[in-house]
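Following: one structure in structure tokens, then a few remarks.
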Amino acid sequence: MAPTYKLTYFNVKGLGEAIRILLSYGQQEFEDNRIEFDEWQKIKLTTPFGKCPILEINGKPLHQSAAICRYLAKQFGLAGKDDWENLEIDMITDTITDFRI
């Protein structure tokens with residue numbers, strides 16, 4: 001049975017967009033739960049470590065966008081073939097994250 005996915009993030013691209021792109025690339029249906037900033041304070045208490053985005057896989061909540069993206073990349077055949085390639089992918093990804101900040 002295929003996993004179920006629910007992404008909870010603000011109604012902006014931000015940290016959630018890479019997750020959306022990976023799920024779409026993997027041709028996975030997912031619930032895109034976009035929250036407004038004024039809802040965040042009440043929702044924050046229900047999230048792991050008060051963080052967002054949250055990806056629920058089969059109802060299990062996961063956080064930290066980079067970790068989620070690495071997991072999805074492996075699931076959809078986008079990970080490196082060895083540790084060296086994974087290191088190179090992580091360096092590029094982290095550099096792009098630095099530009100975002």
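Just so you know, we're using full-length UniProt numbering here: the sequence shown kicks off at 1 and counts up by one.
Here a beta-carbon is modelled for each residue, glycine too, at the ideal position from N, C-alpha and C.
List the whole-angstrom C-beta distance separating LEU7 from PHE30, where the pair is believed to meet the contact cut-off of C-beta under 8 Å. Position 7 of the sequence shown, counted from the start, is the residue given in the question as residue 7. Position 30 of the sequence shown, counted from the start, is the residue given in the question as residue 30. Between PHE30 and LEU7 the Cβ distance is about 6 Å, and since that is below 8 Å, they are a contact.
How many angstroms separate the CA atom of ILE57 from the CA atom of GLU39? Sequence index remark: in the sequence shown, residue 57 carries index 57 (1-based). Sequence index remark: in the sequence shown, residue 39 carries index 39 (1-based). Going by the C-alpha atoms only, they are around 23 Å apart.
Going by CA-CA distance only, name the one from ALA18, LEU22 and ARG34 that's closest to ILE96. Translated into positions along the sequence shown, residue 96 becomes position 96. If we check each option's Cα against that of ILE96, ALA18 comes out closest.
Let me check one thing: in DSSP terms, what residues is LYS6 bridge-paired to? Along the sequence shown, read from residue 1 onward, the residue named residue 6 stands at position 6. LYS6 pairs with GLU31 and GLU56.
Same chain only: Cβ atoms within 6 Å of residue 137, ignoring 5 sequence neighbours per side: The structure shown does not extend to residue 137, since the chain is modelled only from 1 to 101, so the question has no answer here.
Among GLN28, MET91, ASP98 and ILE92, the one whose alpha carbon lies nearest that of PHE76: For the purposes of this step, residue 76 is taken as residue 76 along the sequence shown, with counting starting at 1. The residue with the shortest Cα to Cα distance from PHE76 is GLN28.
From the DSSP secondary-structure annotation, give me the bridge partner or partners of PRO61. Here residue 61 is taken as the residue at index 61 of the sequence shown, counted from 1. Its beta-bridge partners are GLU56.
Here's the rule: buried if 16 or more other CB atoms are within 10 angstroms of the residue's CB, otherwise exposed. What is ILE54? As a working note, residue 54 is residue 54 in the sequence shown. Flag for ILE54 reads buried.
Decide if ILE92 is buried, meaning its Cβ has at least 16 other Cβ atoms within 10 Å, or exposed. In the sequence shown, counting from the first residue as 1, residue 92 sits at position 92. Exposed: under 16 other Cβ atoms inside 10 Å.
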